[in-house]
Amino acid sequence: MEGAYALLQSLKGKEVSIACLTNDEHRRACAILEFLKIAEFFEVVLGGDEVTRPKPDPEIIQDACKRLRLFPRQIVYIGDTASDMIMAKKAGAGLAVGVLGGAANESLLAAEADVVIPNLEAISFPRNH
910 MEGAYALLQS LKGKEVSIAC LTNDEHRRAC AILEFLKIAE FFEVVLGGDE VTRPKPDPEI
970 IQDACKRLRL FPRQIVYIGD TASDMIMAKK AGAGLAVGVL GGAANESLLA AEADVVIPNL
1030 EAISFPRNH
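Note that this note's numbering has the sequence shown beginning at 910, numbered continuously upward.
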């Protein structure tokens, strides 16, 4: 996904906790992150085989929050499908950000997301934070 590496570097530099949540198997998710050379950025990787109920059930977000010692309201969930946004809302995420270019079109994402952005490069942070 365009802008992913730069965003991950920026977040890690700001000491932001990062998790990868997927319906894929944990082993496969880790292999993909290693192949893409971005595994080092993730504190938590959870696969669909590690939860009893897959997305859009909020269980995977709740589990990640427990592992990161965060409340769901403290997280920003970034995803590219309407089911990602539904899951984030069900979990009580502080912000659900839909990224275009994935499986969902803009109208489907907009119906569920708090914010829809064209790509990950659209995410920015104040310089002093």
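Even for Gly, the Cβ is constructed at its ideal location relative to N, Cα and C.
Gly988, enclosing alpha helix (DSSP H) - first and last residue: Here the question's residue 988 lines up with position 79 in the sequence shown. First-last for Gly988: Val985 to Gly988, but that is the beta strand (DSSP E), not the alpha helix (DSSP H).
Per DSSP, the bridge partner or partners of Ile1026: Taking the sequence shown and counting its residues from 1, one reaches residue 1026 at position 117. Bridge partners of Ile1026: Val1008.
Counted within 10 angstroms of its Cβ, other Cβ atoms place Val1008 as buried (16 or more) or exposed: Along the sequence shown, read from residue 1 onward, the residue named residue 1008 stands at position 99. Its Cβ being crowded by 16 or more others within 10 Å, Val1008 is buried.
Own chain, CB closer than 6 Å to Glu959, minus 5 neighbours either side, in chain order: For the purposes of this step, residue 959 is taken as the residue at position 50 of the sequence shown. Counting only Cβ-Cβ distances below 6 Å, and skipping sequence neighbours, we find His935.
Per-residue burial, Lys975 [other beta carbons within 10 Å of its own, 16 or more giving buried]: The residue labelled residue 975 in the question sits at position 66 within the sequence shown. It counts as exposed.
Boundaries (first-last residue) of the alpha helix (DSSP H) holding Ala915: As a working mapping, residue 915 is identified with position 6 in the sequence shown. Going by DSSP, Ala915 is part of the alpha helix (DSSP H) stretching over Ala913 to Gly922.
Rounded distance between the beta-carbons of Ile927 and Glu952, thought under 8 Å: Sequence index remark: in the sequence shown, residue 952 carries index 43 (1-based). Sequence index remark: in the sequence shown, residue 927 carries index 18 (1-based). Right, their Cβ atoms sit about 6 Å apart.
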